[in-house]
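Chains as they are written, first to last, in my numbering: chain V, 4 to 496; chain E, 19 to 158.
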């Protein structure tokens, strides 16, 4: 309780309130634009936070994240174009509801479900993080090495039909992270004589290129669509039957979100898909799903927002991001000089609890912003994309230039943007590349420290139950993935 | 065919990085040297690529769309070349103008008004508001 009061006193500072409001507003505005996801939104806003105090900057970035996740559902419902991958599932029943003239109700349900899921997620985050921090205090290089390895395997094995593609992306991201001067031996790695590369590559141009620029190149040809119906406040009020139908799916969805959010490799998309599948399977009329069922929106939206909040548990308590978006958040924390991990609560309680308290405020702001301001978001959707995308490109260029007032970073954005575009067109997701980029330096550091502590004995890495458990889980995931591939190949023949 | 080329390119990248990493300092039993991570990572990329070539999965590739790609690359390159030499306003105008050619609609009049307003707004926000150390216009 004392901690939450400390957090509230930090989050309610005018500067932090403004940052939270700006983050939620900008995140929703960017999330509404079809094709631009939460990762691109955070990458775009990240440079704007450099001049801010670390707590204020992180509060703003977190607001952008859940704002973008929320905003994505608006385009899903009104245009059948998901703003973020986790909102794709909302299209299935949201768009049919809009076609039936119930777009307002669908948007209202989305807002309420997002609020409920987000709130339950924050409660779980508040209760669980200190417990995990206490466990994390005892972690050494062996435990961290095993957990990061588990994270790599989970990201590879889950979410792709061909795990090799995700694995190779992680390795490429890891290789890119080794560019620069080795901090232990002072050896230059892949610098090719460029002084700008001596300190390594910064997260901002890599993330902005892979997720900002490449997404713009991909979406340029997408035709602009106009929202055909007007949404009034009155049209948003659900019927009593709608309320009854949405309650339990929201609760179950929040449960799935809290379960999948902290797990590496899963996150909001998997939580939303599982919630939708479970609602469909327990329904008496599963054939009506996909035709405008309230449960098909309430469950996934609640689960995706609960997952967004609980994804912060491993990120803040252990410093290990489970999803690419959290990898950018970790990068953002590090740029602000904050090292996430078990010592964060001890060393910077104002930041940690202030961030948690800002989640409550941000969720309330989303509720307040999105119901009365729905007309604004609809009109934003009506701006022709041919005007929007050149503006976003300029903002990406200015944002990356402002990192170190150098055109070198803009050139890096361009290189990674083209790489990201080429990879996506070839069916490779660049998201695991970012996980590899952020986590490989941590993996390498813990491997080196572990080898020193274990006097060169690899057995050091299997010297604790947590490390053994994580490595066995990773092995299990590898076997599961191989089995799944084998089965798919047999079915194909 | 495309999937073989993609895996092949990735494999070449891995092999090239592996050869370069051989030039870094070596690794001893107790001490993991600066070459270990690059060797392991690039070697892993090369091996996975070989596996990808030998047993390729379903082809998920899509044809490249050259027009948006080239227009945006040219737009960003112009931004890089002009921001320090000519200032933020010309860089914004050129970048937006060239990027606009990535799509097929041609409504230049409305776009010109929009670009002019947007360039003025970026100057106000980034130079005068956030203190970005770039001149709005110079050398012209």
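Ideal Cβ placement from N, Cα and C applies to all residues, glycine included.
| For residue 263 of chain V, the nearest candidate out of V/299, V/325, V/291 and V/292 (CA to CA) | Between residue 263 of chain V and the set V/299, V/325, V/291 and V/292, the nearest pair of CA atoms involves V/325.
| Going by the C-beta, is residue 263 of chain V closer than 8 Å to any heavy atom of the ligand ADP? | The ligand ADP is absent from the structure shown, which contains no ligands of any kind.
| field | Through-space distance from residue 318 of chain V to residue 233 of chain V, alpha-carbon basis | value | Straight-line Cα distance between these residues: approximately 41 Å.
| query | Is the shortest distance between the beta-carbon of residue 454 of chain V and the beta-carbons of chain E less than 9 Å? | reply | Interface residue, yes.
| said: Quick check on the burial criterion: 16 or more other C-beta atoms within 10 angstroms. Buried or exposed for residue 167 of chain V? | reply: Label assigned to residue 167 of chain V: buried.
| said: With three or more beta-carbon pairs closer than 8 Å as the criterion, would you say the stretch 455-466 of chain V touches the stretch 253-260 of chain V? | reply: Taking 8 Å as the limit for Cβ pairs, the verdict is that the stretch 253-260 of chain V does not touch the stretch 455-466 of chain V.
| Can you find a CB in chain V that lies within less than 9 Å of the CB of residue 42 of chain E? | Interface residue, yes.
| field | Proximity of residue 89 of chain V and residue 252 of chain V at Cβ, strictly below 9 Å | value | For residue 89 of chain V and residue 252 of chain V, no; Cβs fall outside 9 Å.
| message | Please classify residue 429 of chain V as buried or exposed, where buried requires at least 16 neighbouring CB atoms within 10 angstroms. | response | It counts as buried.
| Beta-carbon contacts of residue 95 of chain V that lie in its chain and below 8 Å, excluding the five residues immediately before and after | Same-chain partners within the cutoff: 279, 292, 293 and 299.
| query | If the cut is a Cβ gap below 7 Å, which residues of chain V does residue 82 of chain E touch? | reply | Ordered by position in chain V, the residues that pass the 7 Å Cβ test against residue 82 of chain E are 428.
| message | Tell me which residues of the stretch 404-438 of chain V have at least one Cβ-Cβ distance to chain E shorter than 8 Å, keeping chain order. | response | Against chain E - using a Cβ distance shorter than 8 Å - the residues of the stretch 404-438 of chain V are 404, 405, 408, 410, 413, 414, 416, 417, 420, 421, 424, 425, 428, 429, 430 and 431.
| Is there a Cβ from chain V that is less than 9 Å from the Cβ of residue 138 of chain E? | It does not: the Cβ of residue 138 of chain E has no partner Cβ on chain V nearer than 9 Å.
| query | Taking residue 51 of chain V as the reference, which of V/366, V/411 and V/339 has the closest Cα? | reply | The closest CA to that of residue 51 of chain V, considering only V/366, V/411 and V/339, is found on V/339.
| said: Assuming residue 247 of chain V is part of the alpha helix (DSSP H), what are its boundary residues? | reply: Segment 243-263, the alpha helix (DSSP H) holding residue 247 of chain V.
| Length of the line joining the Cα atoms of residue 382 of chain V and residue 78 of chain V | So the two alpha carbons sit approximately 11 Å from each other.
| Since residue 60 of chain E and residue 36 of chain E are thought to touch, with beta carbons under 8 Å apart, how far apart are those beta carbons, to the nearest angstrom? | That pair is a contact at about 4 Å.
| query | residue 151 of chain E versus chain V: which residues are under 8 Å apart at the beta carbon? | reply | Ordered by position in chain V, the residues that pass the 8 Å Cβ test against residue 151 of chain E are 408.
| said: Please list the terminal residues of the continuous alpha helix (DSSP H) segment that includes residue 304 of chain V. | reply: For residue 304 of chain V, the enclosing alpha helix (DSSP H) starts and ends at 298-313.
| Buried versus exposed call for residue 127 of chain E [16 or more other C-beta atoms within 10 Å across all chains shown] | Exposed.
| query | In angstroms, rounded to a whole number, what distance separates the CA positions of residue 431 of chain V and residue 421 of chain V? | reply | For residue 431 of chain V and residue 421 of chain V, the distance between alpha carbons rounds to 13 Å.
| field | chain E contacts made by the stretch 373-392 of chain V, where a contact means CB separation under 9 Å | value | Those residues of the stretch 373-392 of chain V that come within reach of chain E (Cβ to Cβ, closer than 9 Å) are 387, 388, 389, 390 and 392.
| request: Starting from the N-terminal side, write out each stretch of the beta strand (DSSP E) that is 3 residues or longer and does not extend beyond the stretch 337-417 of chain V. | output: Segments of the beta strand (DSSP E) lying fully in the stretch 337-417 of chain V: there are none.
| message | Counting only Cβ-Cβ distances shorter than 9 Å, please list the residues of the stretch 108-136 of chain E near chain V, keeping chain order. | response | Residues passing the 9 Å Cβ filter: 109, 110, 113, 114, 115, 116, 117, 118, 120, 121, 122, 123, 125, 128, 129, 132, 133 and 136.
| residue 59 of chain V CB to nearest chain E CB: under 9 Å? | With 9 Å as the cut-off, residue 59 of chain V does not count as an interface residue toward chain E.
| query | Would you report the Cα separation of residue 187 of chain V and residue 19 of chain V, rounded to the nearest angstrom? | reply | A direct Cα-to-Cα measurement between residue 187 of chain V and residue 19 of chain V gives close to 38 Å.
| request: Kindly indicate which residue of V/112, V/80 and V/91 has the alpha-carbon position closest to the one of residue 99 of chain V. | output: Cα-wise, what sits closest to residue 99 of chain V is V/80.
| request: Just tell me which of V/301, V/53, V/65 and V/242 has its CA closest to the CA of residue 14 of chain V. | output: For the residues V/301, V/53, V/65 and V/242, the minimum Cα distance to residue 14 of chain V belongs to V/65.
| field | Continuous beta strand (DSSP E) assignments of at least 3 residues falling wholly in the stretch 38-94 of chain V | value | Qualifying beta strand (DSSP E) stretches: none in this window.
| request: Take the Cβ of residue 131 of chain E as the centre, count every other Cβ of all protein chains shown within 10 Å, and call the residue buried at 16 or more, exposed below. | output: In this structure residue 131 of chain E is exposed. Its beta-carbon is surrounded by fewer than 16 other beta-carbon atoms within 10 angstroms.
| query | Given that a residue counts as buried once 16 or more other Cβ atoms are within 10 Å of its Cβ, and exposed if not, what is residue 4 of chain V? | reply | Exposed, since its Cβ has fewer than 16 Cβ neighbours within 10 Å.
| said: Less than 7 Å between C-beta atoms, sequence neighbours within five positions excluded: which residues of the same chain meet that for residue 106 of chain V? | reply: Result list for residue 106 of chain V: 80, 81, 100, 232 and 234, in chain order.
| task | Reducing DSSP to helix, strand and coil, say where residue 24 of chain E ends up. | result | Residue 24 of chain E carries a helical assignment under DSSP once its states are collapsed to helix, strand and coil.
| query | If the cut is a Cβ gap below 7 Å, which residues of chain V does residue 28 of chain E touch? | reply | Correct list: 171.
| Test item: CB-CB of residue 62 of chain V and residue 26 of chain V under 9 Å | In contact: residue 62 of chain V and residue 26 of chain V (Cβ atoms closer than 9 Å).
| Counting Cβ pairs, one atom from each stretch, are 3 or more of them under 8 Å apart for the stretch 401-418 of chain V and the stretch 170-182 of chain V? | No, they do not touch.
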